[in-house]
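Residue 171 in the UniProt record's numbering sits at position 171 of the sequence shown, and the numbers go up by one each step. For glycine and all other residues, C-beta sits at the position ideal for the given N, C-alpha and C. Have a look at the structure below, then the notes.
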Amino acid sequence: MLVEKFTPEVLISAPRRGPAIPNHDGTLALYTVSTHTIGGDTLKEIRVMNIATGESSQLFDDEKAQDATWLGDGTNTVILLKKGGEGFTWLLTIDADKTPSSPLIVGHIQAPVRNLKVKALKDGTVAFAVVGLANADGELFNGEVKKPAHTGRVYDVYRAREWDAYRNLQKYSIFYSTLSKKEEGWKIAGSLHNALANTELEAPISMYEPVDARDNYDISEVGITLAAEEPGITDPLLVGISDVYYVRLNSFTTAGVHRPVRIGVQSTELDGFSSHPRFSPDGSLIAFLRGPRSAYEQSQIFVHQIGSPSAVDLFDMVTGQKWPLTPSTFEFAPNGHTLYITADDTGRHALFKVDILPSAYPKTLLRDGSVTSYYPLGQDNNERLLVTSSSMVESSIYQIVDADADHEPIVVSSAAKNGSKLGLSRKQVTEIYFEGGGDYCVHAWVIRPRNFDEGKKYPLALLVHGGPMGSWNDGWSTRWNPAVWAEQGYVVVTPNITGSTGYGTEFADAVRDNWGGRPYDDLVNCMEHLKQIPYIDTDNAIAAGGSYGGYMMNWIQGNPLGRRFKAMVCHDGIFHVPTFMLQTDYVDDSNEFGGPPVLWKNLEGLERYNPARPDLLPNWKTPMLVIHSDKDYRCPITDGLAAFHTLQLLGTPSRFLTFPDENHWVLNEENSLEWHRQVFGWINKYTGIDS
C-alpha cells in the first residue's frame with residue numbers, strides 16, 4: 001500500500017528485511033523480515049524468495065528463532081536456533097521446498113547459545129558451531145537453571161561492563177559438533193566440544209545488538225578460526241588488543257587436541273585490533289582485518305597461508321598497490337583467489353573485488369547506496385553475487401551483480417519500490433561540496449521534502465553523525481533517517497565533516513586531538529555555504545546529533561555557532577570529557593586528546609575541547625532536548641543528566657528524555673516512535689512547523 005507522507009509511524013511500521021542469502025544453486029534466497037504494528041506486536045518471519053520471480057513465502061514465524069541459514073548439504077534445508085525454556089536452545093531444520101512446512105527437531109542444547117555456523121563436510125555430515133558461556137570445567141554454562149541467591153558481582157579487572165550489560169563472570173567459548181542424516185531427519189551426532197578448552201581465550205561475542213557476532217569466527221573442514229582479545233593484558237589502556245587464532249581440528253566429532261595458534265602479522269605494529277577472520281573455500285587460507293588499535297588508523301586485509309610463519313598485508317605485500325579506502329568487510333569468492341570487499345567511499349558504502357595477485361587493484365562492482373551483504377549466487381565460478389543494499393529512500397533492495405561484467409545490476413526485489421511505497425522519491429536526495437575549515441572540501445547530502453517547491457524557503461535541519469570516525473552514507477536507517485526529518489518540512493543537510501570515513505585516511509585522522517576544532521570549523525563553513533542556497537532558511541535552523549554528534553551539540557552550545565540555531569537535540573552526548581574517559585566502558589591510549597586519556601596525566605589536553613569548560617557553560621542559551629538512556633555504558637547517562645541540569649540551572653528552555661531499557665541506540669519500536677515524536681515536537685515548536 002502506498003502512503004502519502006513518510007511519517008515516524010510509517011518508518012516504524014515498515015517491514016525491516018534482513019540480508020538475502022542464496023541457496024546452493026542460486027535459485028532461492030533466505031531472509032528475515034520484522035514488521036511492527038503500532039501499539040501492538042512485532043511479527044518476525046523467516047521467508048524464502050524465488051530469485052527468478054522475486055515472489056516469496058513465509059517459512060517460519062517465531063520471535064524466538066535466530067541465525068537461520070542454509071544447511072549447505074545440496075538441498076533446500078534451512079537450519080536455525082530457537083530459544084527454549086530454562087535457557088535451553090533448540091536446533092531445528094525446515095524444508096524450504098515445502099511451504100508451509102513444520103520444523104523438525106535436530107536436537108536441543110542445554111544452555112543459551114547463539115551465532116550458529118554450519119559447514120558441509122566431505123563425509124556427508126555437517127559440522128556446526130555455536131557460541132555460549134563456559135563454566136570453570138569448560139562445559140556449557142546455563143545461568144537460568146540455577147540462579148544465585150544474590151545479585152552481587154565482583155570485578156578485579158578494569159572493564160566491568162560493556163555496551164549495555166555487565167560482563168559475565170564466565171567466558172564465552174565456541175562449541176562444535178556434527179549433524180548426521182537419519183531416517184527421521186538430521187540429528188546432533190554427539191556431544192558438543194569446547195574449541196577453547198584449557199585456554200585463556202574468549203570467543204567473540206557482539207554486545208552491539210543487532211550486530212551479528214558470527215562475523216568474528218569461521219569454520220572450515222580443517223578447523224575453526226576466531227578473533228579474540230590477547231589474554232593476560234593487565235593494563236586497562238591496552239584492553240582490546242586482539243589477534244586471530246587458528247584451531248586445527250582432526251574431526252568435528254571429537255574433542256580437539258591442538259591448541260589455538262596465534263597468527264602473527266608481518267607488520268611494524270606491536271599491537272593492534274583484528275577482526276572478521278575468514279577461511280578460503282578450500283580451507284588453505286585465512287584472511288582477516290587488522291589495524292592499529294587507534295581508531296584513527298586504517299585497517300587492512302591480511303592473508304595467511306596455513307602453515308606459513310605469518311600473515312601478510314594484501315595491498316602492501318601481495319598486490320603491491322596502495323588503496324586509499326578502508327575495508328570494512330570482505331568475503332572470499334568461490335574460486336578462492338579473489339576477495340569481495342566493502343568500504344566507505346564518498347558517502348556510499350560500496351562493493352569491490354580484488355584478486356590476490358601481484359599488481360591487482362580493486363574493481364568497483366556497486367557504488368550506489370550502501371551495501372550490507374553479498375553472497376556468491378551459486379557455488380560455481382561465474383562470479384555473480386546476490387547483493388543486499390539500501391539508500392536514503394529505499395529500505396532494502398536485493399539485486400544480482402555480475403563481478404565479471406559491466407552491465408547494470410538486475411533487481412530481484414525492492415522493498416519500497418525505490419521509495420514510492422513509503423511516499424519517497426530519489427529526486428529528494430542530492431549532494432553538495434563546500435570549503436571546510438582548511439584547504440579542503442567537505443561533502444554533504446541534502447534531503448528535501450517530497451513536495452519540495454524551489455520557490456519556497458524551508459527550515460534547515462543540520463545533522464551531525466557519530467564517531468567521530470563515521471559518515472553519512474546513502475543508506476537506510478531506522479534510528480537516524482534523514483528522509484523522515486525532511487518529510488516534517490525541513491531541508492536536511494548531513495555533512496561529512498573532518499573525521500568522516502570514505503574520504504581518505506588523512507581526512508579521518510585529522511579529527512585526532514581536534515574534536516572541537518576542524519569539525520566545528522567545517523560546520524561553521526557549512527552554515528555559511530547554505531546561506532547561498534535560496535530555498536534554505538538558515539535563520540530558521542535546528543541542529544541535532546547523537547554520540548559524537550551529541551558531543552558536538554554540547555560543544556556548539558558553548559560556542560558562537562550555537563546562537564545560529566532555534567533549537568538543538570543532543571542524543572547520548574558527552575558533556576565532561578575528563579570524567580567521561582573514566583566512566584565509559586571502553587577507552588584506549590590512542591592520544592585522542594593529545595595524550596593519555598586520564599585527567600591526572602593530561603588535564604590540559606582533555607580540557608581543550610571539553611564542552612563543560614567553565615568559560616563555555618554560561619553560553620548555553622539555545623533551547624535543547626537532551627536524550628539519554630539508562631543502559632548506555634558507552635556514553636553514560638550521567639553526562640546527559642549533567643547537560644540537562646546545566647541548562648535548567650541557566651534557565652535555558654530544555655527537556656530531558658530517557659528510556660530505562662535502551663542503550664546507546666533506541667531499538668524498541670514503540671520507544672523509537674516516542675523518540676521521534678518528542679524530537680519533532682521539540683524542534684517543530686521552535687521553527688514554527690505544523691507537522
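Roughly how many whole angstroms lie between the Cα atoms of G185 and D95? Here residue 185 corresponds to residue number 185 of the sequence shown, with the count starting at 1. Here residue 95 corresponds to residue number 95 of the sequence shown, with the count starting at 1. The straight-line gap from Cα to Cα measures roughly 11 Å.
For I627, name the three-state secondary structure that DSSP assigns. Here residue 627 refers to the residue found at position 627 of the sequence shown. Under the three-state reduction of DSSP output, I627 falls in the strand class.
With DSSP collapsed to three states, give me the class of residue 750. Lying before the first or after the last residue shown, residue 750 is absent from the chain, which here runs from 1 to 691.
Please list, in chain order, all residues of the same chain as P324 whose beta carbon is under 8 Å from its beta carbon, the five residues on each side excluded. Translated into positions along the sequence shown, residue 324 becomes position 324. Answer for P324: G504 and T505, listed in chain order.
What number of angstroms, rounded off, separates the C-alpha of R16 from the C-alpha of Y31? Within the sequence shown, the letter at position 16 stands for residue 16. Within the sequence shown, the letter at position 31 stands for residue 31. Taking the straight line from one Cα to the other gives about 10 Å.
According to DSSP, simplified to helix, strand and coil, what is Q648? The residue you call residue 648 lines up with position 648 of the sequence shown. Three-state result, Q648: helix.
When the Cα of A350 is compared with those of S370, T338 and I356, which residue comes out closest? To locate residue 350, count along the sequence shown from 1; it is residue 350. The shortest Cα separation from A350 among S370, T338 and I356 belongs to S370.
So what's Y217 in DSSP terms, helix, strand or just coil? Against the sequence shown, residue 217 aligns to sequence position 217. When DSSP states are grouped into helix, strand and coil, Y217 belongs to the strand group.
Quick one: give me the first and last residue of the alpha helix (DSSP H) that I683 is part of. Residue numbering aside, residue 683 sits at position 683 when the sequence shown is read from its first letter. Per DSSP, I683 belongs to the alpha helix (DSSP H) from E669 to T687.
Mind reading off the beta-carbon distance from K457 to Y535? Whole number of angstroms is fine, and I expect it under 8 Å. Position 457 of the sequence shown, counted from the start, is the residue given in the question as residue 457. Position 535 of the sequence shown, counted from the start, is the residue given in the question as residue 535. K457 to Y535, Cβ: 6 Å. Contact.
Quick one: using the 10 Å Cβ neighbour count with 16 as the cut-off for buried, is D282 buried or exposed? Mapped onto the sequence shown, residue 282 falls at position 282. The residue is exposed, with fewer than 16 neighbouring Cβ atoms inside 10 Å.
Can at least three beta-carbon pairs, one atom from the segment 386-398 and one from the segment 412-419, be found at a separation below 8 Å? yes
Range covered by the alpha helix (DSSP H) that runs through A483: Here residue 483 refers to the residue found at position 483 when the sequence shown is read from its first residue. A483 -> alpha helix (DSSP H) spans P482 to A486.
Are the Cβ atoms of G256 and V247 separated by less than 8 Å? Within the sequence shown, numbered from 1, the residue matching residue 256 stands at position 256. Within the sequence shown, numbered from 1, the residue matching residue 247 stands at position 247. When the beta-carbon positions are compared, G256 and V247 come within less than 8 Å of each other.
Three or more beta-carbon pairs under 8 Å between the segment 533-553 and the segment 195-206, yes or no? no
Alpha carbon to alpha carbon, what distance is there between Q379 and L424? As a first step, residue 424 must be located in the sequence shown, where it is residue number 424. As a first step, residue 379 must be located in the sequence shown, where it is residue number 379. Whole-angstrom Cα-Cα distance: 37 Å.
Quick one: measure Cβ to Cβ for F288 and A227, integer angstroms, because I've assumed they're closer than 8 Å. To locate residue 288, count along the sequence shown from 1; it is residue 288. To locate residue 227, count along the sequence shown from 1; it is residue 227. Going by Cβ atoms, the distance from F288 to A227 rounds to 7 Å, so yes, they are a contact pair.
Does DSSP put R426 in a helix, in a strand, or in coil? Locating residue 426 in the sequence shown gives position 426, where the first residue counts as 1. The answer is helix: DSSP assigns R426 an H, G or I state.
Which of helix, strand or coil does DSSP assign to A403? Along the sequence shown, read from residue 1 onward, the residue named residue 403 stands at position 403. Correct three-state label for A403: coil.
From the DSSP output, in three-state form, read off P277 for me. For the purposes of this step, residue 277 is identified with residue 277 of the sequence shown, where counting begins at 1. Of the three classes helix, strand and coil, the one that applies to P277 here is strand, per DSSP.
Taking only runs of the alpha helix (DSSP H) that begin and end inside the segment 566-612, which ones reach a length of at least 4 residues, in chain order? 577-583 and 599-608
Buried or exposed: where does L270 fall if 16 or more other Cβ atoms within 10 Å of its Cβ makes it buried? Locating residue 270 in the sequence shown gives position 270, counting from the first residue. Reliability of the predicted coordinates at L270 is poor, the pLDDT of 49 falling under 50, and the value obtained from them is presented with this limitation in mind. L270 is exposed by the Cβ-count criterion.
Going by the beta-carbon positions, is the gap between P449 and N540 smaller than 8 Å? Within the sequence shown, numbered from 1, the residue matching residue 449 stands at position 449. Within the sequence shown, numbered from 1, the residue matching residue 540 stands at position 540. Going by C-beta atoms, P449 is not nearer than 8 Å to N540.
Smallest Cα separation from G436: which of S477, I497, A403 and Q488? As a first step, residue 436 must be located in the sequence shown, where it is residue number 436. The option with the nearest alpha carbon to G436 is I497.
Suppose contacts are defined by Cβ-Cβ distances below 8 Å. Is H465 in contact with W472 by that definition? Locating residue 465 in the sequence shown gives position 465, counting from the first residue. Locating residue 472 in the sequence shown gives position 472, counting from the first residue. Yes.
K685 to F580 span [Cα, whole Å]: Indexing the sequence shown from 1 puts residue 685 at position 685. Indexing the sequence shown from 1 puts residue 580 at position 580. Approximately 32 Å, taken between the alpha carbons.
Taking the straight line between their C-alpha atoms, what separation do you get for I400 and H628? One-based indexing of the sequence shown puts residue 400 at position 400. One-based indexing of the sequence shown puts residue 628 at position 628. Taking the straight line joining both Cα atoms gives about 41 Å.
Does the beta-carbon of M600 have 16 or more other beta-carbons within 10 angstroms, so that it is buried, or is it exposed? Position 600 of the sequence shown holds residue 600. The question names Met, but residue 600 in the sequence shown is Trp. W600 comes out exposed.
Within the segment 174-206, note down every full beta strand (DSSP E) run reaching 3 residues or more, in order along the chain. Counting only unbroken stretches of 3 or more residues, the beta strand (DSSP E) elements lying wholly within the segment 174-206 are 185-188, in sequence order.
Could you check which residue in R564, T501 and S389 has the C-alpha nearest to that of L523? To locate residue 523, count along the sequence shown from 1; it is residue 523. Answer by Cα proximity: R564.
Helix, strand or coil, according to DSSP, for V10 in the structure here? For the purposes of this step, residue 10 is identified with residue 10 of the sequence shown, where counting begins at 1. Helix.
DSSP has Q300 in a bridge; who is on the other side? Counted from its first residue, the sequence shown places residue 300 at position 300. Partner(s): R290.
Rounded to whole angstroms, what is the Cα-Cα separation between D509 and T501? Along the sequence shown, one-based indexing puts residue 509 at 509. Along the sequence shown, one-based indexing puts residue 501 at 501. Cα to Cα, the separation comes out at about 9 Å.
Span of the alpha helix (DSSP H), counted from its first residue to its last, around G550: Along the sequence shown, one-based indexing puts residue 550 at 550. Where G550 is concerned, the enclosing alpha helix (DSSP H) stretches over Y548 to Q557.
Could you pull out every residue in the same chain whose Cβ sits closer than 6 Å to the Cβ of K44, ignoring the five residues on either side in sequence? If you number the sequence shown from 1, residue 44 lands on position 44. Only S34 and E63 meet the Cβ criterion.
Candidates L249, G336 and K353: which alpha carbon is nearest A343's? By 1-based counting over the sequence shown, the position of residue 343 is 343. Closest by alpha carbon: K353.
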